[in-house]
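Student: What follows is a single structure, and I will ask about it in a moment.
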Amino acid sequence: MVISSFLLAACERVIQVDIKDQPLRFVVEGVLTDDSTCRVRLSRTSNFYDTINLVGVTGAKITIAEDGKTPVVLNASNNRGEYRAAFTGRPGRTYQLRIEYTDATMTHVFTASSTMPQKVTLDSLYVSERVFLGKTRMMAAIRFKDPPAPGNAYRYVQRVDGELETTVFVTKDDLINGRTVVDELLIFNDDYTLKNATS
Amino acid sequence: MQDRYSWENALFATDTWKAAPWLNITYGARLTSFAILGEGDFYELDGDGNVTDTLTYSKGQLVKNYVNLEPRLAASFIINPSSSFKASYVRNVQNLHLMSNSTTGFPTDKWLASTNIIKPEIADLVALGWYKNLAGNQLEFSTEIYYKKMQNQIDYRTGADVFTNDAIESQILFGVGRAYGWEVFLKKKTGKTTGWISYTLAKTERKIEGINDGEWYNARQDRTHDVAIVVNHQLSRRWNLAANWIYYTGDAVTYPSGKYIIDNQVVFYYTKRNADRMPSYHRLDLGATWLLKDRKKFRSELAFSLFNAYGRENPYAITFRQSEDDATKTEAVKTSLFRFVPSISYNFKFK
Chain F
1 MVISSFLLAA
11 CERVIQVDIK
21 DQPLRFVVEG
31 VLTDDSTCRV
41 RLSRTSNFYD
51 TINLVGVTGA
61 KITIAEDGKT
71 PVVLNASNNR
81 GEYRAAFTGR
91 PGRTYQLRIE
101 YTDATMTHVF
111 TASSTMPQKV
121 TLDSLYVSER
131 VFLGKTRMMA
141 AIRFKDPPAP
151 GNAYRYVQRV
161 DGELETTVFV
171 TKDDLINGRT
181 VVDELLIFND
191 DYTLKNATS
Chain Z
1001 MQDRYSWENA
1011 LFATDTWKAA
1021 PWLNITYGAR
1031 LTSFAILGEG
1041 DFYELDGDGN
1051 VTDTLTYSKG
1061 QLVKNYVNLE
1071 PRLAASFIIN
1081 PSSSFKASYV
1091 RNVQNLHLMS
1101 NSTTGFPTDK
1111 WLASTNIIKP
1121 EIADLVALGW
1131 YKNLAGNQLE
1141 FSTEIYYKKM
1151 QNQIDYRTGA
1161 DVFTNDAIES
1171 QILFGVGRAY
1181 GWEVFLKKKT
1191 GKTTGWISYT
1201 LAKTERKIEG
1211 INDGEWYNAR
1221 QDRTHDVAIV
1231 VNHQLSRRWN
1241 LAANWIYYTG
1251 DAVTYPSGKY
1261 IIDNQVVFYY
1271 TKRNADRMPS
1281 YHRLDLGATW
1291 LLKDRKKFRS
1301 ELAFSLFNAY
1311 GRENPYAITF
1321 RQSEDDATKT
1331 EAVKTSLFRF
1341 VPSISYNFKF
1351 K
C-alpha cells in the first residue's frame, strides 16, 4: 500500500537563447490575380532579436512577362519595397517574374515562373459544427470539385468577424485528385472563436 | 494517420562455446519476418516525394514482407579471476521507427511501422569492453567503447507537413546513421555506503541527402555527456538515505535563424537542422526511508523524497513567438515542469 502526496507545477519563462546572426536573405512575395492585382514585395530577413520591421528593398528593377512576351515593368508604389503594375493574369498562361537588384557588393537576379491555374468554383460554403476536445466548435467548410489534371494546390484565407485569422490552410491534390472534397477550416488558435465566418 | 497492420515472426538460436578455460564464445542469430498487411492505402512516390500512385489493400492482404537475419557474436576473454575483456558484434533490425520533430516545441514523437517505402532500420554494433573487480570485490569497474553503423534512417523533409498529411512517407527522407561512444562505470557493492557512478561520452549522427546539404548532422537524441551518480547510505537500523544526481547534454534541436514578414505575418526562418542545443538537463533527488516496524509477518516504513531538490528549471520545451508584452519583438519562452516535488509514502509489505 502506498499513500503519496505530490505538488506539481509548470512554469513558463522568457529566456535569452544564443542565436547566431545569419547573413540576411531576400524575401519575395508576388501576387498576380485575374482581377488586376499585380504586386511584388521585396524585403529582407532580420535577425531573431531585431525589432519586427518590414525591411523593404527599394530600387530594384522588376518585370513580369506573359508566355515570353514583352516584359512589363512594376514600379515602386511606396518606399517599403512594394512594386505594382497595371497587369492582369489569365488562367492557363505562364508568367515569368524577374527581379534585378544591385547593392553595395553585387547584382542579385531572381527569376521565377508560374502558371495560373484554371479557376475552381466552390460548390458550397457553409458552417459546420464539430465536437473537438470536448467543446463544440464551429468551422467554415468548403465543398468543391478538384479538376481532373493533377498538380493543383489550394490555400484558404479566413476572416473572423472581419479580422484576418492567422492559421495557414494549404492543401495539395495529390490524395484527392479529381474528386469532390470538403475542407473544414479547423482553428487551433484560442484567440478566435468562430461565430460567423466568411472566407 | 491511418492504422497500420503487421505480423512479425522470429526464430532465434544461440549457443555458448567454452573454447578454452579463458575464452567463452557466444554466437547466435535471429531470423525475423515482418509482414505488412492491409487494410489501408499505400503509396508510390517520385523522387521529390510526390505521391504518384495510391494502392488500396483490403483487410489481411499482404503488402510487403521483409525478412532479415540478425547474427550476433560475443567473445569473453578471462584475463584473471578479477578481470575480463569482451568483444561483441550484433546486428539489429527494427521495424518500428521513431520520428522526432527537430523543433524545440512540445515533443511530437511518432512511431511508424515499416511500409513498402519505409524500410527496416538495420544497425550493426561493435563493442569492446574491459571489466575489473577491485579492492577485494568491493568495487566493480568497467569501461566500453562502441561504434554503431545504421542503414535506412529516416527524418522529416525540410518544411514537412506532419499534421495533416496521410501519406507520411511523402514527408520523409532516407539516409544513413552512425553512433559511437565511450562509457565508464564504477560501482561499490558492499558496506554501509553503496552506489555507482557512470559517465558516457557519445555522438549520434545522420547523413541524409536533402538535409543540411547532405552532410553529417546531429540526431535529435545526440547526447554528448551523460552522468549519473547514485548513493545509498544505511545511517542506522531505522534510517536509510539515498541521493542521485543526473546530468546530460540537451537534445540537438533547431532554433530559428531569423525572421521575415510575408502576408503581413511574422514567420521564422530556419537554416541548419539540429545545429542548436536545448539547455543541459540536471537534477538531484533525495530520499530517506524510516523503518517503522519490521515484524515476522509484515514490514512497514515511511519514505520521504524530494525530486529535483535544488529546483532546477529543466526545459520541457522552448517556443518562439511574438512577444505578448511588446509586439515589435520576438522572444524565446522556456516551459519547465516539476520544480521541487516532495512526496511522502507509507509502505506496508506482508512477508
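Chains F and Z, in that order, give the protein sequences.
Take 1 as the starting number for the first sequence in our numbering and just add one per residue.
Take 1001 as the starting number for the second sequence in our numbering and just add one per residue.
In this text, a Cβ means the ideal position worked out from N, Cα and C, and glycines have one as well.
With distance defined between alpha-carbon atoms, name the residue in Z/1125, Z/1210, Z/1249 nearest to residue 1353 of chain Z.
Tutor: No answer is possible for residue 1353 of chain Z: the residues shown for chain Z start at 1001 and end at 1351.
Student: Using three-state DSSP, classify residue 1262 of chain Z as helix, strand or coil.
Tutor: If DSSP states are grouped into helix, strand and coil, residue 1262 of chain Z belongs with the strands.
Student: In the DSSP assignment, the beta strand (DSSP E) including residue 49 of chain F goes from what residue to what residue?
Tutor: Looking at the DSSP string, residue 49 of chain F is not in any beta strand (DSSP E), and its letter there is neither H nor E.
Student: For a test of the three-state rule: what should DSSP assign to residue 1170 of chain Z, helix, strand or coil?
Tutor: Helix, per DSSP.
Student: I need the straight-line Cα distance from residue 1275 of chain Z to residue 1156 of chain Z, nearest angstrom please.
Tutor: Approximately 15 Å between the Cα atoms of the pair.
Student: Determine which residues of the region 1240-1265 of chain Z have a Cβ less than 8 Å from any Cβ of chain F, and write them out in chain order.
Tutor: Listed by position along the chain: 1255, 1256, 1257, 1258, 1259, 1260, 1261, 1262, 1263, 1264, 1265.
Student: The beta strand (DSSP E) with residue 210 of chain F in it runs from where to where?
Tutor: As shown, chain F starts at 1 and ends at 199. That puts residue 210 of chain F outside it, with no answer to give.
Student: Would you say residue 1054 of chain Z faces chain F, with C-beta separation under 8 Å as the test?
Tutor: Yes, residue 1054 of chain Z lies at the interface with chain F (some Cβ there is under 8 Å from its Cβ).
Student: Please go through the region 127-153 of chain F and give each complete beta strand (DSSP E) segment of 3 or more residues, from N-terminal end onward.
Tutor: You should have 135-145.
Student: For a quick check, are the C-beta atoms of residue 1246 of chain Z and residue 1283 of chain Z less than 8 Å apart?
Tutor: Contact: yes.
Student: From the DSSP output, which residues share a beta bridge with residue 1237 of chain Z?
Tutor: Residue 1237 of chain Z is not bridged to any residue.
Student: Taking three-plus beta-carbon pairs below 8 Å as touching, is the region 1280-1296 of chain Z in contact with the region 1254-1270 of chain Z?
Tutor: The region 1280-1296 of chain Z vs the region 1254-1270 of chain Z: no contact.
Student: From the beta carbon of residue 1288 of chain Z, is the nearest beta carbon of chain F less than 8 Å away?
Tutor: Residue 1288 of chain Z does not count as touching chain F.
Student: Between the region 150-183 of chain F and chain Z, which residues of the former have a C-beta closer than 7 Å to a C-beta of the latter?
Tutor: Residues passing the 7 Å Cβ filter: 166, 174, 175.
Student: Rounded to a whole number of angstroms, what is the C-alpha to C-alpha distance between residue 1296 of chain Z and residue 1349 of chain Z?
Tutor: Distance between the alpha carbons of residue 1296 of chain Z and residue 1349 of chain Z is about 11 Å.
Student: What is the DSSP secondary structure of residue 79 of chain F, reduced to helix, strand or coil?
Tutor: The answer is coil: DSSP assigns residue 79 of chain F none of H, G, I, E or B.
Student: Within the 8 Å Cβ cut-off, does residue 1332 of chain Z reach chain F?
Tutor: Taking Cβ atoms only, chain F reaches closer than 8 Å to residue 1332 of chain Z, which makes this a yes.
Student: Please report the residue range of the beta strand (DSSP E) in which residue 1131 of chain Z lies.
Tutor: Note, residue 1131 of chain Z: beta strand (DSSP E), 1121-1134.
Student: Would you say residue 1204 of chain Z and residue 1242 of chain Z are within 8 Å of each other, going by their C-beta atoms?
Tutor: For residue 1204 of chain Z and residue 1242 of chain Z, no; Cβs fall outside 8 Å.
Student: Listed from N- to C-terminal order along the chain, which residues in the region 1291-1314 of chain Z have their beta-carbon within a distance smaller than 7 Å of any beta-carbon of chain F?
Tutor: For the region 1291-1314 of chain Z, which is checked against every Cβ of chain F, the residues closer than 7 Å are 1313.
Student: DSSP three-state label for residue 1212 of chain Z, please.
Tutor: In the structure shown, residue 1212 of chain Z sits in a helix (DSSP, three-state: H, G or I).
Student: Starting from residue 1315 of chain Z, trace the beta strand (DSSP E) both ways and give me its first and last residue.
Tutor: Residues 1315-1322.
Student: Who pairs with residue 1114 of chain Z in a beta bridge, going by DSSP?
Tutor: DSSP, once it has assigned bridges, lists no residue as partnering residue 1114 of chain Z.
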